[in-house]
Amino acid sequence: MAPIIASEVPQEALLQRYKRDGSYTDCYHMDLPLHISMPEYIAAFYTTPLFKIERGILSLLVGKHSSDEAAHNLAQGHVANFAAWSVEDRSSNQLLLCDFLGRTRSWLMAEPHQSSTRLYFGSAVVPKSKSADGKASFGFAFDSLHGFHHLYTKALMRAAQAKLGK
Numbered sequence: 001m002a003p004i005i006a007s008e009v010p011q012e013a014l015l016q017r018y019k020r021d022g023s024y025t026d027c028y029h030m031d032l033p034l035h036i037s038m039p040e041y042i043a044a045f046y047t048t049p050l051f052k053i054e055r056g057i058l059s060l061l062v063g064k065h066s067s068d069e070a071a072h073n074l075a076q077g078h079v080a081n082f083a084a085w086s087v088e089d090r091s092s093n094q095l096l097l098c099d100f101l102g103r104t105r106s107w108l109m110a111e112p113h114q115s116s117t118r119l120y121f122g123s124a125v126v127p128k129s130k131s132a133d134g135k136a137s138f139g140f141a142f143d144s145l146h147g148f149h150h151l152y153t154k155a156l157m158r159a160a161q162a163k164l165g166k
């Protein structure tokens with residue numbers, strides 16, 4: 001399996017706007033020795049067994065239902081809403097989603113190379129507030145779940161990697 005590497009948000013990334021405004025951002029990538037299109041990556045990512053658990057939790061807790069069919073429609077650009085997210089921006093090789101509360105963003109990018117594809121996944125969290133000196137405050141939930149978030153991100157990418165490798 002290809003390693004999942006924490007990296008800087010690429011300059012051309014749609015996620016850059018949040019990095020520039022002082023939001024928390026993270027970015028991970030993996031290089032797969034396959035040609036993978038952006039729609040293939042989106043569909044694989046959001047239809048893994050692990051992500052289906054998240055979709056189920058969102059359905060129960062906040063009434064935001066989704067299906068594999070909805071994930072495929074998102075991948076193809078046919079819908080602007082998926083589970084608890086809406087499309088904030090997209091390009092031929094990127095997708096930026098905003099959660100229904102407007103606090104978090106999820107970002108995917110597929111960057112083809114000669115005989116491989118670099119797949120990215122990143123997040124942004126908009127601060128709850130900023131002090132007079134510009135220091136961002138993200139809140140208790142962010143602080144307590146920060147470590148779990150990094151583990152979960154890698155697990156999501158590993159699940160997508162396994163699905164794409166089949």
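Residues in the sequence shown are numbered from 1 upward in steps of one, following my numbering. Even glycine gets a Cβ: it sits at the ideal position worked out from N, Cα and C.
#1: Looking at the strands, I want to know which residues DSSP matches up with Ala136.
#2: Under DSSP, the beta strand (DSSP E) around Asp21 begins and ends at which residues?
#3: Between Val79 and Tyr28, what straight-line distance do the alpha-carbon atoms span, to the nearest angstrom?
#4: Would you list, in sequence order, the uninterrupted beta strand (DSSP E) runs of no fewer than 3 residues that lie entirely inside the stretch 34-91?
#5: What is the C-beta distance between Arg158 and Tyr18, in whole angstroms, given that I count them as a contact (C-beta under 8 Å)?
#6: Does the Cβ-Cβ distance between Asp31 and Gly122 come in under 7 Å?
#7: Going by C-alpha to C-alpha distance, which of Pro127, Phe140 and Ser7 sits closest to Tyr24?
#8: Please list the terminal residues of the continuous beta strand (DSSP E) segment that includes Gly122.
#9: Along the chain, where does the beta strand (DSSP E) containing Leu96 start, and where does it finish?
#10: Output the distance between the C-alpha atoms of Leu61 and Leu74, rounded to the nearest integer angstrom.
#11: Helix or strand or just coil, what does DSSP make of Met157?
#12: Around the Cβ of Asp68, are there at least 16 other Cβ atoms within 10 angstroms (buried) or fewer (exposed)?
#13: Judging by CA-CA distance, which residue of Ala44, Gln76, Pro39 and Ile4 is the nearest neighbour of Leu164?
#14: Assuming Leu14 and Gln76 make a contact with CB atoms under 8 Å, what is their CB distance in whole Å?
#15: Answer with buried or exposed for Asp143, where buried requires no fewer than 16 other C-beta atoms within 10 angstroms of its C-beta.
#16: DSSP beta-bridge partners for Tyr28?
#17: Do Thr117 and Ala110 have their beta-carbon atoms positioned less than 7 Å apart in this structure?
The answer reads as follows:
#1: Lys130
#2: Note, Asp21: premise wrong, no beta strand (DSSP E); not H, not E.
#3: 26 Å
#4: 85-91
#5: In fact, because the Cβ distance is near 24 Å, the residues do not count as touching under 8 Å.
#6: no
#7: Ranking Pro127, Phe140 and Ser7 by Cα distance to Tyr24 puts Pro127 first.
#8: Gly122 -> beta strand (DSSP E) spans Thr117 to Val125.
#9: Annotation: the continuous beta strand (DSSP E) that includes Leu96 extends over Gln94 to Asp99.
#10: 22 Å
#11: Note: Met157 maps to helix in three-state DSSP.
#12: exposed
#13: Ala44
#14: The Cβ separation is near 18 Å, so there is no contact.
#15: exposed
#16: Per DSSP, Ala6 and Phe121.
#17: yes
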